[in-house]
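The next block holds one structure in the form of structure tokens; read it before the comments.
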């Protein structure tokens, strides 16, 4: 009743608690079932159902408390997010600082009012505190928006202008470009907004604590239950000397549970097993659990011989001697270990473990492969575990080692009975197998064991292996919406790529005024970032508003409300991902519109001489387009004869064979009296191995003249790329 009243109260404050109300219904149904079983005298089943109801109710109460706490804390972060969006929109619309400040304040106030009525966390926050934080957020973000451009706009002392110094003009160019193409901008923004809104309102992610029942493997032709302790240590972790927690095997059980299961009617046989803790076996940490003379032992197992043979068929691995009996001092070893020790049936072994010495007699020898192939009820090897090195990153100090669990080999394992195991202090009660009566439901028994006792319980049946445990869980709904997400993202990609191809001439202007490829690429990415930030914020608010509509139309729809600030960050991430994928895809696949750093020409130092300089041009031409390329080069040289700054003189072309052409020309100042630059040039086009052609410039002249000639040919290469891309589109 208390939880129900909390749900009603919070729904009145704007929380959408359909998932929690459904969970409360499950709790009530479980309680009713427990009451019915109790009235029928089924006390054990009634206790199991009562325990299940308690776990569900505790998880529901914790979830509600976390939801309220997250909603309240997230308000302050979301206010900053909304304020930043208002600044971006104001900067997009206005240039004047006063106009930007006035518009951002008004737009922020509008978004704040919408946020207050849509976000339940704002309604449970103190009103005076909310106004105070809103004003502080507005002042802080506006101040940052005023100071940061001034800090970034400081002059560059280097040869090139850094990207940081160019951020202000880059965003200025980006916002003007968005304003000029306002229709495309609004359509792209709407697509991103709907993408984010659908993610917020139509997907559901739930986490909590409760009974987990999952299939972990296929059938292994045996039936029963395996029980281990809950919350196992990590089976893979960074080693302790590398700063990690280290891996570890299962923790020991309390032996009193053996008495508990002996009085349970459903249990027919109890099969306990005692093992040593997993020991490390690698360079820095080499700690065997025992020694036989100088031979290292990493696994020791104490078993009930009869039941271990019944459940896990350990006796089938015997190849010499006999199987274990109940007499103390008996041991089974593998054939490889017997060979290494030069021992046989009836010989004695002196074992040193934890500074104690034990005398054991070999009664049987096991086949190594058969032993290592045997599996337990959980589907894993019956061999005890050790800790080995999984990964190593070498460093100046201690290496970073990732360690993990692995089965011991048969050669490093000893098998003794329970009587002998009592004297071995290294053995611990790590697991117990249960064989149930035929009429007992194994899966139901495993679940009740996990609920009532808190253990991890593996159930092996004819349909497979299942694990029941109380654990944290995470589940998501709304996966089919990924399909429209992909469609929207692809639409944004296509739209942005088309926009970039349309602006090829604009890119060349940017390049001509001294902007390098990073600057030009940043303009496009800045446009994408603006769309992503605005779309993320507005989409988040639209998604919150959709909960109101869902509550009216389909109040029972199982959707978990996203009121945490984490989801606002996720909204930004999704919107930025959609537009940046488009931007990056376009930039990566359109080197023709963005002069790539790879297109820089460089003087070949090894072939440089006093009279001629060799420059390999960054131009790749394919065999099927060589004729067009040859004509294109000639047309460019002819056109350059009319230039008013640097002009081409006396161009000539020779073809030596079907795979080689040479152009000769003079490239010099159009007015030698103003600029005395002069070079004599040979431009060779030759076929490489395969179906591509290379272009090499041989030029004579002083250093400045050579640079001018190289830049001239680089521009021709860019023009060729534009020409080729134009033909493709």
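Residue numbers (my numbering): 1 to 729.
From the three backbone atoms N, C-alpha and C, an ideal C-beta is built for every residue, glycine too.
- Per DSSP, the beta bridge partners of residue 295 are 292.
- Counting along the chain, residue 667 sits inside the beta strand (DSSP E) bounded by residues 660-669.
- For residue 432, the enclosing beta strand (DSSP E) stretches over residues 427-436.
- Here the stretch 419-434 lies against the stretch 259-279, with 3 or more beta-carbon pairs under 8 Å apart.
- Of all C-beta pairs linking the stretch 418-425 to the stretch 255-269, fewer than three are shorter than 8 Å, placing the two stretches out of contact.
- With fewer than 16 neighbouring CB atoms inside 10 Å of its own CB, residue 44 falls in the exposed class.
- A distance below 8 Å separates the beta carbons of residue 249 and residue 277.
- Counting C-beta atoms within 10 angstroms of its own C-beta, residue 302 has 16 or more neighbours from the protein chains shown and is therefore classed as buried.
- Annotation: residue 40 to residue 48 spans about 14 Å, alpha carbon to alpha carbon.
- With a cutoff of 8 Å on beta-carbon distance, residue 352 and residue 359 are scored as not near each other.
- Beyond the five residues adjoining it in sequence on each side, residue 223 comes within less than 8 Å, by CB distance, of 435, 436, 442, 460, 461 and 462 in the same chain, given in chain order.
- Here DSSP, grouped into helix, strand and coil, assigns residue 577 to helix.
- Assigned with DSSP and collapsed to three states, residue 119 falls in coil, not helix or strand.
- Here the alpha carbons of residue 42 and residue 122 stand approximately 49 Å from one another.
- Secondary structure of residue 563 (DSSP, three-state): coil.
- Contact between the stretch 397-406 and the stretch 290-302 is absent: fewer than 3 CB-CB pairs across the two stretches fall below 8 Å.
- Going by DSSP, residue 364 is part of the beta strand (DSSP E) stretching over 356-366.
- C-alpha of residue 455 to C-alpha of residue 469: approximately 6 Å in a straight line.
- In the DSSP annotation of this structure, residue 263 is not part of any beta strand (DSSP E), being labelled neither H nor E.
- Between residue 646 and residue 715, the beta carbon gap of about 11 Å keeps them out of contact (Cβ cut-off 8 Å).
- If you draw a 10 Å sphere on the C-beta of residue 713, you find 16 or more other C-beta atoms in it, and that means buried.
- A check of alpha carbon separations from residue 109 across 577, 83, 428 and 132 identifies 83 as the nearest.
- In the three-state scheme derived from DSSP, where H, G and I count as helix and E and B as strand, residue 643 is classed as coil.
- A buried status is given to residue 74, since no fewer than 16 other beta-carbon atoms sit within 10 Å of its beta-carbon.
- For the 8 Å CB-CB criterion, residue 498 and residue 191 do not form a contact.
- Membership of residue 333 in the beta strand (DSSP E) is indicated by the continuous run 330-334.
- Contact between residue 67 and residue 23 does not hold, since their C-beta atoms are separated by about 12 Å, which reaches or exceeds 8 Å.
- Our two residues, residue 563 and residue 257, have alpha carbons roughly 45 Å apart in a direct line.
- In the structure shown, residue 383 adopts coil according to DSSP, grouped into three states.
- The three-state secondary structure of residue 547, taken from DSSP, is helix.
- In this structure, residue 570 and residue 539 do not form a Cβ contact; the two beta carbons are roughly 11 Å apart against a cut-off of 8 Å.
- In this structure, residue 370 lies near residue 317, with their beta-carbon atoms less than 8 Å apart.
- For residue 199, the enclosing alpha helix (DSSP H) starts and ends at 182-202.
- Rounded to the nearest angstrom, the gap between the Cα atoms of residue 79 and residue 428 is 56 Å.
- CA-CA distance, residue 363 to residue 314, rounds to 14 Å.
- Comparing C-alpha distances from residue 722 to each of 327, 366 and 632 shows the shortest one belongs to 632.
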